[in-house]
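Under the working numbering, residues 368 to 1217 are what the sequence shown spells out, in order.
What follows is a single structure, written as structure tokens, with notes after it.
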Amino acid sequence: MRAGRVKPTGAGTGRDMKLSACVIVKNEAANLPKWLECMGQIADEMIVADTGSTDDTVAIAEAAGAKVCHFAWCNDFAAAKNYALEHATGDWILFLDADEYFSSESMKILRREMVQYHRDRTVGIVLCRLINIDKDNNNKIVDTMLQSRIFRNLPHIRFEGCIHEHLINTKGNLKMVCNNQLIIYHTGYAATTFQLKARRNLVLLKEKLASASTQKERDELAPYLMDAYHSLEDYEKAVRYARQAIAAHIRLIGMEGYLYEALFSASQRLGKSREELFAILDEAMGVYPDEAAFIIEKGYLYWQSGELSEAEQCMLRGLELRKRFERKLSQGQFLTDNSLRLLPYAYQVLGDIAYRRKDLAAASDYFFKGLQEYKYSEALLAGLLDCIGGNEPAEIVQLLNTMYSPREDAVFLVNALKGKADKRVLLYYAGGDGSISPVKKYLLADRFDAAAVEAAANIRQLAGTLTCGSIRDSLRYNRAGQAQPADEYAGLQAAKMQENKAMLQLILPPKHKALVNSGQPDRDSSVGREVLRRLAAMDISAGANCYWDNRQYPLVSIMIPTYNRPDLFEQTLQSALAQTYPNVEILVTDNSTNEDTRLLMEKYVEDVRIRYFRNRDARSKADNFRPFEQMARGEYLQWCMDDDVLAPNKLAVMVPVLRDNPGIALVTSQRGVIDAEGNILPEEAVQMMESGAAWQCYGGRDVGRVMLSGTNNFIGEPSAVLFRRRDLQHHYWAADCRGYKAVSDVAMWLELLEKGDMVVFRESLSYYRRHDSQEGQQPEVVLLSRMEWNRLLDEYADRKDFLDGAALRQGKLSLWQDYQKIREYPGVQQAGNFAAYRACMEAISSQYGK
368 MRAGRVKPTG
378 AGTGRDMKLS
388 ACVIVKNEAA
398 NLPKWLECMG
408 QIADEMIVAD
418 TGSTDDTVAI
428 AEAAGAKVCH
438 FAWCNDFAAA
448 KNYALEHATG
458 DWILFLDADE
468 YFSSESMKIL
478 RREMVQYHRD
488 RTVGIVLCRL
498 INIDKDNNNK
508 IVDTMLQSRI
518 FRNLPHIRFE
528 GCIHEHLINT
538 KGNLKMVCNN
548 QLIIYHTGYA
558 ATTFQLKARR
568 NLVLLKEKLA
578 SASTQKERDE
588 LAPYLMDAYH
598 SLEDYEKAVR
608 YARQAIAAHI
618 RLIGMEGYLY
628 EALFSASQRL
638 GKSREELFAI
648 LDEAMGVYPD
658 EAAFIIEKGY
668 LYWQSGELSE
678 AEQCMLRGLE
688 LRKRFERKLS
698 QGQFLTDNSL
708 RLLPYAYQVL
718 GDIAYRRKDL
728 AAASDYFFKG
738 LQEYKYSEAL
748 LAGLLDCIGG
758 NEPAEIVQLL
768 NTMYSPREDA
778 VFLVNALKGK
788 ADKRVLLYYA
798 GGDGSISPVK
808 KYLLADRFDA
818 AAVEAAANIR
828 QLAGTLTCGS
838 IRDSLRYNRA
848 GQAQPADEYA
858 GLQAAKMQEN
868 KAMLQLILPP
878 KHKALVNSGQ
888 PDRDSSVGRE
898 VLRRLAAMDI
908 SAGANCYWDN
918 RQYPLVSIMI
928 PTYNRPDLFE
938 QTLQSALAQT
948 YPNVEILVTD
958 NSTNEDTRLL
968 MEKYVEDVRI
978 RYFRNRDARS
988 KADNFRPFEQ
998 MARGEYLQWC
1008 MDDDVLAPNK
1018 LAVMVPVLRD
1028 NPGIALVTSQ
1038 RGVIDAEGNI
1048 LPEEAVQMME
1058 SGAAWQCYGG
1068 RDVGRVMLSG
1078 TNNFIGEPSA
1088 VLFRRRDLQH
1098 HYWAADCRGY
1108 KAVSDVAMWL
1118 ELLEKGDMVV
1128 FRESLSYYRR
1138 HDSQEGQQPE
1148 VVLLSRMEWN
1158 RLLDEYADRK
1168 DFLDGAALRQ
1178 GKLSLWQDYQ
1188 KIREYPGVQQ
1198 AGNFAAYRAC
1208 MEAISSQYGK
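Here it is, written out as structure tokens:
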């Protein structure tokens, strides 16, 4: 092995003080280079204790001049770390994990700070502020805590605990101090590695729990068991161990308030009621009255429920507490930072509320402050663009460049700006990856005329290539000189054709729609007479036709929420892309627990119709639906569940009916059904029409009465229906605000039918996919739907809308008859809500008879 000494940097090096950086590793080839780079600049020696790596970890460490020693792993982290300490010769130890490193600012001041502690013989341990970040999510802050990563190299300061090891000072003769200026980033919270660590830790924790002989020992393990189960998404056990730790008054030094944070998070993921969540936050605020995190969480709950005044009060109070905290922190007080990660959400909520009040100055200020806390929030960036979108493109670019790197952040910006910013802003960042085509170069230089001609020439050339009769029988060669099959080559050429057409569409504004053919330039046009003449000569006038007249082709927002089913989702997405109706935007929100869908979406990044939002923060189905409220720009809305399929002509035939008939509130079709493999199941198709016409209109009042009295959603699931955004107050992105979850689509259709009539197309224009993993097939959901139908009947009966006495009775008896069949289904009586369902049905029986 090779020992090495590196030259430390920074003010006040302290020649009489030596720093030893230690780490234990196993297969850390991906993380170790960053650790070595960091420690090589501040430490006098680096000790790497390897516990059995099979990758290049040891070679990487030796090449960097570290002292490598080998430890036989024995399921004991403290033993491994203490073994590394035996090889350290410095006065102070810097013991960071392989996936941790000091911030650049901390590296500049660390030795200066350590000189002071070295001279103060009463100091033995230095607490640093550790920030957990998700490197798979643009280094988003997960949480923060105080950790003892720096300590004197003394034989009586050692690690204890086979897992979640901690420092102990057996003599107890030295004090612990906190330095808030020393920041450590921990990347181990990335989704790709976090669960693997949790599974490993849980095995060790269970062994330790089994050997615990006292209740005190078991209680002390509770916070770590809570952590492991939370990471593994076993939230029931996470709640149990959180409550155990709180009841035992377990105190986690440097992590005060964390037990309540984890309890709240797990309870939220379990779908606990708002009252239960508020109770947890109120309890936490009683214990930690100066903590901003809990009041911000409370404000976010209010905001999600649409209680904006209460939300605003909570967020402002939270920011005030945050200011007090930062003042105390600047004074060197020993404090845990629980609210840092929540600041972007606080500013997002306040920005949204100000925007709704039309106070754009305040809203833009809040959104900008939020982006300063976390610049990769698409929601905050979208809010800011809503406020400043009227500014000149150059001004918007100038503002964004104060936060973003046009090159390093290009992919994020292009995805986030699609459909939000002026297309010239989008084009500015589209070349950020370094691959700038001649068309883009002209655009960036404001040479719109030259860009238009270049794009048109490309289109003409590509059109000739694609129509060449011999292409199917030939081979082409890619840039690496490898032969490409003709089909693959043709596909690439077609993609280039689409890209150039999209560029041309961006260049020519709406007022130039007719100019290509007429050859008469507008006085204020950036596209001159000669350009128009050349475009006309190239016969690409159709290129200008993609700027649609919204009166004839109103914008339709196709909204696809998705969760953990990339294969089915891609079929859904492709059916949206295949729409023959021209003026669409396709919005995707993804709260999957893995990155499969995000990776899939990378091949669609160039399609300007698509806006993709990776919604990692969504804690429920409703949270994944909610972003559509801000994202959707369309006058008409089309939901599409991520396992359903739209027919290619769905919007093309539905939009004109809705556009030309103000009295129509919703348009649907006789619904088709497909199986998991996409095969059409004709026997399960829903038949509604009696006549042989292509479509038929039905009175809204009549349809509502028939739906309720038969307790039957024959209109269809959300993917079946097209409607105007303005006709609906309680949208599906917040459908449960009326208290309906299992039949929220029915509640939506009834609200639309209060406004107008329904049109049904004979042809199946959407296909509902039937498969085993559907949420609606679960017994609890089936029973909940029947109880919610009962509530709908009561609601509309009380309002004297749709129902008379006879129709109400018919609806109630329909539910009772269903009960006779449903209760015999397998697994139904074991459902958690069966008792409530039975009581509901028996109440109907006693009131209306059997």
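Don't be surprised by glycine CBs; every beta carbon is placed ideally from N, CA and C.
- Within the same chain, and ignoring the five residues on either side of I617 in sequence, the residues whose Cβ sits closer than 8 angstroms to its Cβ are D586, E587, A589, P590, L626.
- Here W1006 is near S1086, since their CB atoms are less than 8 angstroms apart.
- One Cα belongs to M1125, the other to T1078, and the distance between them is close to 18 angstroms.
- Checking the DSSP bridge columns, you'll see N546 partnered with C495.
- Contact check for N1016 and T947: beta-carbon distance about 6 angstroms, within the 8 angstroms limit, so the pair qualifies.
- Under the 10 Å beta carbon count, V493 is surrounded by 16 or more other beta carbons and is classified as buried.
- Linking L717 to F734 through their CA atoms gives a straight-line distance of about 8 angstroms.
- Counting along the chain, the unbroken alpha helix (DSSP H) around G1172 starts and ends at 1172-1189.
- Going by C-alpha positions, A612 is about 32 angstroms away from N991.
- Excluding sequence positions up to five before and after E664, its CB lies within less than 8 angstroms of the CB of F631, L648, L709, all in the same chain and listed in chain order.
- Here the region 442-449 makes contact with the region 517-527; the two share three or more CB pairs at distances below 8 angstroms.
- Residue R488 holds the alpha-carbon nearest to the alpha-carbon of N540 among L707, R488, I517, K507.
- When DSSP states are grouped into helix, strand and coil, F1081 belongs to the coil group.
- Three or more beta-carbon pairs separated by less than 8 angstroms link the region 449-462 to the region 510-521, which places the two stretches in contact.
- One Cα belongs to L463, the other to M413, and the distance between them is close to 11 angstroms.
- By the Cβ neighbour-count rule, S924 is buried, with 16 or more other Cβ atoms within 10 Å of its own.
- Distance from L1159 to A1210 at the Cβ level is roughly 16 angstroms; contact not present, criterion being Cβ atoms closer than 8 angstroms.
- By the Cβ criterion, the region 975-987 is not in contact with the region 1009-1024, since fewer than three pairs of Cβ atoms, one from each stretch, lie closer than 8 angstroms.
- Taking C-beta separations shorter than 8 angstroms and ignoring five residues to either side along the sequence, the partners of I1031 in its chain run V1024, L1025, C1064, G1123, D1124, M1125, V1126, following chain order.
- Between the C-alpha atoms of N782 and Y979 there is a straight-line separation of about 7 angstroms.
- Taken in chain order, the whole alpha helix (DSSP H) runs of length 4 or more contained in the region 1114-1170 are 1146-1165.
- In terms of Cα proximity to Y1163, the closest of E775, D776, M1074, D719 is M1074.
- Secondary structure of M968 (DSSP, three-state): helix.
- Rounded to the nearest whole angstrom, the CA to CA distance from D726 to K736 is 16 angstroms.
- In this structure, the straight-line span from the alpha carbon of G1199 to that of L637 is close to 14 angstroms.
- Annotation: R723 to D1094 spans about 19 angstroms, alpha carbon to alpha carbon.
- Residue pairing of V435 in beta bridges, as defined by DSSP: V415.
- Assignment of beta-bridge partners to T511 by DSSP yields I498.
- In the structure shown, R525 falls within a strand segment according to DSSP collapsed to helix, strand and coil.
- In the three-state DSSP reduction, S697 falls in the helix class (H, G or I).
- Across the set R976, A721, I460, K507, the C-alpha of K507 shows the shortest separation from the C-alpha of P711.
- From the listed residues S1213, R791, L1151, Q1145, the smallest Cα separation to G1194 is found for Q1145.
- Burial state of V654 is exposed, judged by a 10 Å Cβ sphere holding fewer than 16 other Cβ atoms.
- L1170 and R1072 have their alpha carbons spaced roughly 6 angstroms apart.
- By the Cβ neighbour-count rule, G1067 is buried, with 16 or more other Cβ atoms within 10 Å of its own.
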